[in-house]
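**Q** Starting off with a structure, shown below.
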Amino acid sequence: MKFRLLFFLLFFCVNITEAQNVGLVFSGGGAKGLAHIGVLKALEENNIPVDFITGTSMGGVVGSLYAAGYSPSEIEYLALSTDFQNWINGRFESSYKHYFKKKPDNPSVVSIKLQIDTGLHAKFGSSIISDIPLNFALFELLSQASANAKNNFDSLFVPFRCVVSDVLSEKTIVVNEGSLVEAVRGTLAVPFIYRPVKVNDKYVFDGGLYNNFPVDVMKKDFKPDFIIGTNVSSKIFNEYPKDIDEKLIDHFLLYMFLSKTDSTTIGKNGVYIQPDITGYTSSNFSPVKELIKRGYDATMAEMPAIKMAVERRVTPAELKASREAFHKKRDPLQFNSIKITGINSQQKKYIRKLFGQSKKRLDLHDVREGYYRVVADDNFGTVYPKMVYQQETDSYNFEMQARPERNFKVDLGAFISTRPISNTYVGLQYNYLRRKSYTIGTNFYFGRFYESAQATTRIDFPTALPFYIEGEFTYNHWNYLNSSKIFISNVNPIYIEQSDRKAVLKTGIPLSHNGKLEIQSGYINFEDNYSPNNTFTTGDILDHTSFDAFTAGFSLERNTLNRKQYASRGLNFVLNGSFYSGSEHYNPGNTFRDEPEFDNLGPEKHHREWFRLKISNEQYVFSKEIYSLGYLFETVVSNKPHFSNYKSTVLSAPAFFPLQDSKSLYLERFRANSYTALGIKNVFSFNKNLDLRLEAYIFQPIEPFGKKNLQSTTYKGIFAERSFAMTAGIVYHSPVGPVSLSFNHYDDDQKRYGVMFHIGYALYNKRCLE
């Protein structure tokens, strides 16, 4: 009898232990929700089971990844990656940018996108951050798990509930079936930050608007024996801030939607975990390690209580086996067809050609290629990927919900410098999409030193091998006459004024994701007014040289640099060849009127033609968090003839521009028909936005120019001389462009030593001979 009673008690205890289910509740909180990853790490390290998960906002993201079969270490690795930061901030990795579609870099820092309809009414955008990379990241991460579970959240690796907010009814919606991707994207849709999305035929926003700590959902749907609830959000300030600064206001929109959390909702059969995240904000996703550690430490502090309440354990081997079994439920995801919604029939044809579907069935790699080829086009504001389950065939189709981009864009920028080379930039662009893509653009630079106007018209053809045809007209004007310097010693005045014009027709094709091949031909003209001996007095007339020519050439480019100026990783390779054939016209001034040879000077006209081949490669061969090492190699080979005099020969020769202000200076010793140059770039990063840059360059002309008599040009001999340039500076990468203070030195006859401070990008339209 005693034996039977003992057996019954043991059997009863074992069954109670095995029946003990644990529910995990994750709150919203923006970036602070990364602390939930530390909670998962601590629970798995101590073999605590997780049988159900409910989550809101970032808690829904972390919870969904765990429910989809990712381990805590895999989720942590993902959160620490550069990819994660790009998704959150709406940036594309270089391998997805499709350089073929990219417009030339310009100094813009603000883009205003407008929708101009047939009634000429303007509509502004409704979101701050592009959701394009985030949308496909969630699709890649969660689609396979959703397919494995046949869109039933109870059949995931861990049964899961995601909380979203209905835009129209202003009610909480608990998502338990359908696309896991859509549910998670919905719970992330913070108003004004991301666009709302459609989940089960309802437009939804961030779940934290109405239920930021879904303990009630856990109790109602799963009825666990024990609840572990982690809250990373609070709307209460310990002290009312003395100064409500801009930083607080920037975060207010996000902060106002995160409900105050009630810890008492968990009840007696549970543990409430509140990580210490004082000093961390909801919008700063950079301190990933620190936030994960805060979650881990808070959970470990409660671990004795958790272990006392939860007797059941799950070993690492059991977890691994369960994950592998879940991942093997179905074959790798494939799609039978592509469906496109949200745009008209002509635009659908354009996308289908861009997508280039040639195989009967597509895998994730195929749809990734097509997706990023579409979003690289300026014509689309949002392209939302969906996986549609076909129950009758037990298969999936790929659906893209596309929305045309606002068709009118205004770009604004400015370059402000301690030298008188500051300018303002305005760019305008209009897009029109049918079966082809049409883009009309223009830009203007306004400044005392540099003025420019450019107009372009481009047509993109979405054929099997995409290509574009573009017409371009550019006018540049450079005025060195008034370009004085600051903190520069031994500088003689420079009396040079240049203008050039270019009207060309171009066509281009892509070369891999990050490259393109472009061919162009057309007409160029430049006019130079200059003093041949750098002197100028009242009554002097400057020499004048003009050149009108036909040009043709090609350019092969590959670019993966992480910034359009002051890069610290990636590469920029350019190979171009050009042919010029035209007439040089020279009219001498009267600067040499007191020289005996002046009477022999007169107008000249000559036919000039030459070839030029240029190779330039900027590459960062070593890039870590705190240090990057790069180099710049450039070489030019040309058979360009001498022009009528020494100064016109030098002004029209290829130039090397190693430093940020090089294009604003006239450097005779850094010009030659053929040359090789090499430089080393050292970038020390104090944080993601603040760099110390130390750079040094050597410029080696094959045959340096020399002057004989008054204005004749000669060569000094092969490798007769070389020049050096270097810079040391601090660069802060701000929202309005780089803010830089640098000391620059050029080993030039002008002996240029200078200190320059600037805000913004020192970028210009290309000259006609570039």
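If you use mature numbering (1 follows the signal peptide of the UniProt record, and there is no 0), the sequence shown corresponds to residues -19 to -1, 1 to 751, in order. C-beta: ideal position from N, C-alpha, C; glycine also. Being a predicted model, the structure only gives us computed values, none of them experimental.
#1: Pick from Val269, Arg550, Gln435, Thr280: whose alpha carbon is nearest that of leucine 24?
#2: What does DSSP give as the partner residues of valine 617 in its beta bridges?
#3: Shortest alpha-carbon distance to phenylalanine 603 belongs to which of Ser597, Gly611, Ile596?
#4: Just how far apart, CA to CA, sit lysine 94 and asparagine 424?
#5: Going by beta carbon distance, what residues of the same chain come within less than 8 angstroms of isoleucine 469, once the five residues before and after it are set aside?
#6: Go through its chain and collect everything with a Cβ distance to phenylalanine 448's Cβ below 7 angstroms, but skip five positions before and after it.
#7: Quick one: using the 10 Å Cβ neighbour count with 16 as the cut-off for buried, is glutamine 328 buried or exposed?
#8: For the beta strand (DSSP E) holding arginine 674, just list the boundary residues, first then last.
#9: Check histidine 566 in the structure and name its three-state DSSP category.
#10: So, with DSSP's three-state summary, where would you put glycine 534?
#11: The ligand NAD and glutamate 702: does any heavy atom of the ligand fall closer than 7 angstroms to the residue's C-beta?
#12: To the nearest angstrom, how far is the alpha carbon of tyrosine 567 from that of threonine 657?
#13: Pick helix, strand or coil for phenylalanine 560, following the three-state DSSP scheme.
#14: Whether or not the segment 134 to 144 and the segment 42 to 58 are in contact is what I'm after, with contact meaning three or more pairs of Cβ atoms, one per stretch, closer than 8 angstroms; do they touch?
#15: Excluding the five sequence neighbours on either side, which residues of its own chain have a C-beta within less than 6 angstroms of the C-beta of phenylalanine 724, listed in chain order?
#16: Looking at the structure shown, is glycine 19 part of a helix, part of a strand, or coil, going by DSSP?
#17: Can you tell me which of the three DSSP states aspartate 728 falls into?
#18: Is it the case that the Cβ atoms of alanine 434 and tyrosine 411 are separated by a distance below 8 angstroms?
#19: Taking arginine 429 as the reference, give the member of Ile208, Tyr461, Phe700 with the closest Cα.
#20: Spell out the partners DSSP gives isoleucine 500 in its beta bridges.
#21: Among Asp112, Asn27, Arg400, Phe680, which one has its Cα closest to the Cα of asparagine 67?
#22: Helix, strand or coil, according to DSSP, for histidine 79 in the structure here?
#23: With alanine 530 and serine 502 assumed to form a contact (beta carbons below 8 angstroms), what rounded beta-carbon distance in angstroms separates them?
#24: Short of 6 angstroms in beta carbon distance, which residues of its chain neighbour leucine 542, apart from the five on each side in sequence? Order them along the chain.
#25: Which one of Tyr696, Glu453, Asp187 has the shortest CA to CA distance from glycine 40?
#26: For valine 356, name the three-state secondary structure that DSSP assigns.
#27: Is serine 263 buried or exposed, if buried means 16 or more other CB atoms sit within 10 Å of its CB?
#28: When you compare the CB positions of glycine 563 and phenylalanine 528, do they come within less than 8 angstroms of one another, or not?
#29: Leaving out five residues before and five after valine 196 in sequence, what residues of the same chain have Cβ atoms less than 7 angstroms from its Cβ?
#30: Suppose contacts are defined by Cβ-Cβ distances below 8 angstroms. Is valine 485 in contact with glutamate 453 by that definition?
#31: Spell out the partners DSSP gives glutamate 163 in its beta bridges.
#32: Which ranges does the alpha helix (DSSP H) cover as unbroken runs of at least 4 residues, wholly within the segment 295 to 328, from first to last along the chain?
#33: Are there 16 or more other CB atoms within 10 angstroms of the CB of isoleucine 321, so buried, or fewer, so exposed?
**A** Quick look at the numbers:
#1: The count along the sequence shown starts at 1 and reaches residue 24 at position 43. Ranking the options by Cα distance to leucine 24, first place goes to Thr280.
#2: Along the sequence shown, one-based indexing puts residue 617 at 636. Paired residues: Lys595, Tyr656.
#3: In the sequence shown, counting from the first residue as 1, residue 603 sits at position 622. When only C-alpha atoms are compared, the closest one is Gly611.
#4: The residue given as residue 94 occupies position 113 in the sequence shown. The residue given as residue 424 occupies position 443 in the sequence shown. Taking the straight line from one Cα to the other gives about 16 angstroms.
#5: As a first step, residue 469 is located in the sequence shown; it is residue number 488 there, counting from the start. With a pLDDT of only 43 at isoleucine 469, under 50, the local geometry of the prediction cannot be trusted, and the value read off the model is given with reservation. Cβ within range, chain order: Arg733, Tyr734, Gly735.
#6: Here residue 448 is taken as the residue at index 467 of the sequence shown, counted from 1. Counting only Cβ-Cβ distances below 7 angstroms, and skipping sequence neighbours, we find Phe442, Thr488, Gly489, Ile490.
#7: Indexing the sequence shown from 1 puts residue 328 at position 347. Buried, because 16 or more other Cβ atoms sit within 10 Å of the Cβ of glutamine 328.
#8: Your numbering for residue 674 matches position 693 in the sequence shown. Segment 671 to 682, the beta strand (DSSP E) holding arginine 674.
#9: Mapped onto the sequence shown, residue 566 falls at position 585. Three-state result, histidine 566: strand.
#10: Within the sequence shown, numbered from 1, the residue matching residue 534 stands at position 553. Glycine 534: strand per DSSP, three-state reduction.
#11: This structure does not include the ligand NAD; it has no bound ligands of any sort.
#12: Translated into the one-based positions of the sequence shown, residue 567 becomes position 586. Translated into the one-based positions of the sequence shown, residue 657 becomes position 676. Near 30 angstroms, if we compare the C-alpha coordinates of threonine 657 and tyrosine 567.
#13: In the sequence shown, counting from the first residue as 1, residue 560 sits at position 579. Here phenylalanine 560 sits in strand by DSSP.
#14: yes
#15: Residue numbering aside, residue 724 sits at position 743 when the sequence shown is read from its first letter. Ala709, Val736.
#16: For the purposes of this step, residue 19 is taken as residue 38 along the sequence shown, with counting starting at 1. Glycine 19 falls in the helix class under three-state DSSP.
#17: The count along the sequence shown starts at 1 and reaches residue 728 at position 747. DSSP places aspartate 728 in coil when its eight states are reduced to three.
#18: Translated into the one-based positions of the sequence shown, residue 434 becomes position 453. Translated into the one-based positions of the sequence shown, residue 411 becomes position 430. Going by C-beta atoms, alanine 434 is not nearer than 8 angstroms to tyrosine 411.
#19: Within the sequence shown, numbered from 1, the residue matching residue 429 stands at position 448. The residue with the shortest Cα to Cα distance from arginine 429 is Tyr461.
#20: The sequence position of residue 500 within the sequence shown is 519, counting from 1. DSSP output for isoleucine 500 lists Thr488, Phe535 as bridge partner(s).
#21: Taking the sequence shown and counting its residues from 1, one reaches residue 67 at position 86. With distances taken between Cα atoms, asparagine 67 lies closest to Asp112.
#22: Taking the sequence shown and counting its residues from 1, one reaches residue 79 at position 98. If DSSP states are grouped into helix, strand and coil, histidine 79 belongs with coil.
#23: Against the sequence shown, residue 530 aligns to sequence position 549. Against the sequence shown, residue 502 aligns to sequence position 521. About 11 angstroms separates the two Cβ atoms, so there is no contact after all.
#24: What you label residue 542 is simply residue 561 of the sequence shown in a count that begins at 1. For leucine 542, where only same-chain residues beyond five positions count, the Cβ hits under 6 angstroms are Ala548, Gly551, Asn553.
#25: On the sequence shown, position 59 is the one that residue 40 refers to. Nearest C-alpha to glycine 40: Asp187.
#26: Numbered from 1 along the sequence shown, position 375 holds the residue referred to as residue 356. Valine 356 falls in the helix class under three-state DSSP.
#27: Locating residue 263 in the sequence shown gives position 282, where the first residue counts as 1. With 16 or more Cβ atoms within 10 Å of its Cβ, serine 263 is classed as buried.
#28: For the purposes of this step, residue 563 is identified with residue 582 of the sequence shown, where counting begins at 1. For the purposes of this step, residue 528 is identified with residue 547 of the sequence shown, where counting begins at 1. Their beta carbons are under 8 angstroms apart, which means glycine 563 touches phenylalanine 528 by this criterion.
#29: By one-based count along the sequence shown, residue 196 stands at place 215. The residues are Val6, Ile208, Gly210, Thr246, Ile247.
#30: The residue given as residue 485 occupies position 504 in the sequence shown. The residue given as residue 453 occupies position 472 in the sequence shown. In contact: valine 485 and glutamate 453 (Cβ atoms closer than 8 angstroms).
#31: Indexing the sequence shown from 1 puts residue 163 at position 182. DSSP, once it has assigned bridges, lists no residue as partnering glutamate 163.
#32: 297 to 308
#33: Within the sequence shown, residue 321 is the residue found at index 340, counting from 1. Classification of isoleucine 321: buried, given that the 10 Å Cβ count is 16 or more.
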